[in-house]
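Undergrad: Next up is a structure, given as structure tokens.
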Amino acid sequence: MKTVVIIPARYASTRFPGKPLVDLAGKPMIIWVAELSAKAVGQENVYIATDDQRIAEVVAQHNFQYLMTSSQALTGTDRLAEAAEQLNADIFINVQGDEPLVDPADILKIRDAKLQHPGQIINGFCWLTPDEDPHSVNIPKVITNEQDELVYMSRQALPGYKEDKNAPKGFKKQVCIYAFNKAELLAFKTFGRKSQLEACEDIEILRFIELNKKIRMVETKGGSLAVDAPEDIDAVTAALKNKETNQPNE
Numbered sequence: 044m045k046t047v048v049i050i051p052a053r054y055a056s057t058r059f060p061g062k063p064l065v066d067l068a069g070k071p072m073i074i075w076v077a078e079l080s081a082k083a084v085g086q087e088n089v090y091i092a093t094d095d096q097r098i099a100e101v102v103a104q105h106n107f108q109y110l111m112t113s114s115q116a117l118t119g120t121d122r123l124a125e126a127a128e129q130l131n132a133d134i135f136i137n138v139q140g141d142e143p144l145v146d147p148a149d150i151l152k153i154r155d156a157k158l159q160h161p162g163q164i165i166n167g168f169c170w171l172t173p174d175e176d177p178h179s180v181n182i183p184k185v186i187t188n189e190q191d192e193l194v195y196m197s198r199q200a201l202p203g204y205k206e207d208k209n210a211p212k213g214f215k216k217q218v219c220i221y222a223f224n225k226a227e228l229l230a231f232k233t234f235g236r237k238s239q240l241e242a243c244e245d246i247e248i249l250r251f252i253e254l255n256k257k258i259r260m261v262e263t264k265g266g267s268l269a270v271d272a273p274e275d276i277d278a279v280t281a282a283l284k285n286k287e288t289n290q291p292n293e
């Protein structure tokens, strides 16, 4: 079973243009993500999917592979589907390009879950920490059934409760590592538009609900930092430097 990691990378972000190429501790962010993905599946199995030649050139300079996709891709998963059409593989793992602290072990955990449950979409989750606000619309909250299958995902604080005694023990949030096969990705792309729920919540995995696909949620490590906006750069850079300093010599 051949597994590849595809990292969607769009230059024309509304909130942060050029985000994939932002310098973090002397290295473009997209390369941090690619190198960590390579630790999981090997550099020969890592691809960056982009619609911008500037990103492609930087990726090539660092000896990684890229796949050109259209500028009309509705979401990162649509871009992944375009890239998957150009590759021959069994499992396609989406790793977000703004997660330069992603754990390679989590990528492998998602892959292994896909191997065990080939008929299901696989997505990661972790528990919100005490300093994270479940009411923040920037954090997609995950609702699962007792078999760890996704029921719904929302930017609202879910599950809700009527009485304090029934409050959940904690809230789950999405971790943006996904595993698909090619048929699942092509079905997503062929849908041709954002679904109503997907558009309301701005959470693309909800489109699979309209396709009647089961989504298995797999717990991964918490505490990762993403670069969503320019004000996140300092904290992520500090975390990267701290990680480099404390990393044991190989």
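In the numbering used here, the protein residues as written are 44 to 293.
For every residue, glycine included, the Cβ atom is placed at its ideal position computed from N, Cα and C.
(1) Between which two residues does the alpha helix (DSSP H) containing V261 stretch?
(2) Do the region 222-235 and the region 262-274 meet, that is, are 3 or more Cβ pairs less than 8 angstroms apart?
(3) Report the option in P60, L144, R198, G85 whose CA atom is closest to the CA atom of G279.
(4) Could you pull the DSSP bridge partners for V218 from this structure?
(5) My output table needs one value for P147: the three-state DSSP class, helix, strand or coil.
(6) Using the Cα positions of P202 and C243, report the straight-line distance between them to the nearest angstrom.
(7) So, with DSSP's three-state summary, where would you put A226?
(8) How many angstroms separate the CA atom of D277 from the CA atom of L268?
(9) Between the Cα of P51 and those of V89, N209, L123, spot the shortest distance and give me the residue it belongs to.
(10) Using 8 angstroms as the threshold, is the C-beta distance between E189 and R259 below it?
(11) Our contact map puts D94 next to R53 with C-beta atoms below 8 angstroms; I'd like the distance itself, whole angstroms only.
(12) For Q108, write down the residues that DSSP places opposite it in a beta bridge.
(13) In or out: Y204 buried (at least 16 other Cβ within 10 Å) or exposed?
(14) Short of 7 angstroms in beta carbon distance, which residues of its chain neighbour L117, apart from the five on each side in sequence? Order them along the chain.
(15) E241 to A103, Cα distance in whole Å?
(16) Taking a contact to mean a Cβ-Cβ separation below 8 angstroms, would you say E247 touches G140 in this structure?
TA: Checking against the coordinates, here is how it stands:
(1) Looking at the DSSP string, V261 is not in any alpha helix (DSSP H); the run it does join, the beta strand (DSSP E), is 258-262.
(2) no
(3) The question names Gly, yet the displayed sequence has Val at residue 279. It is L144 whose Cα lies nearest to the Cα of V279.
(4) G167
(5) helix
(6) 18 angstroms
(7) helix
(8) 11 angstroms
(9) L123
(10) no
(11) 6 angstroms
(12) Y90
(13) exposed
(14) K237
(15) 34 angstroms
(16) no
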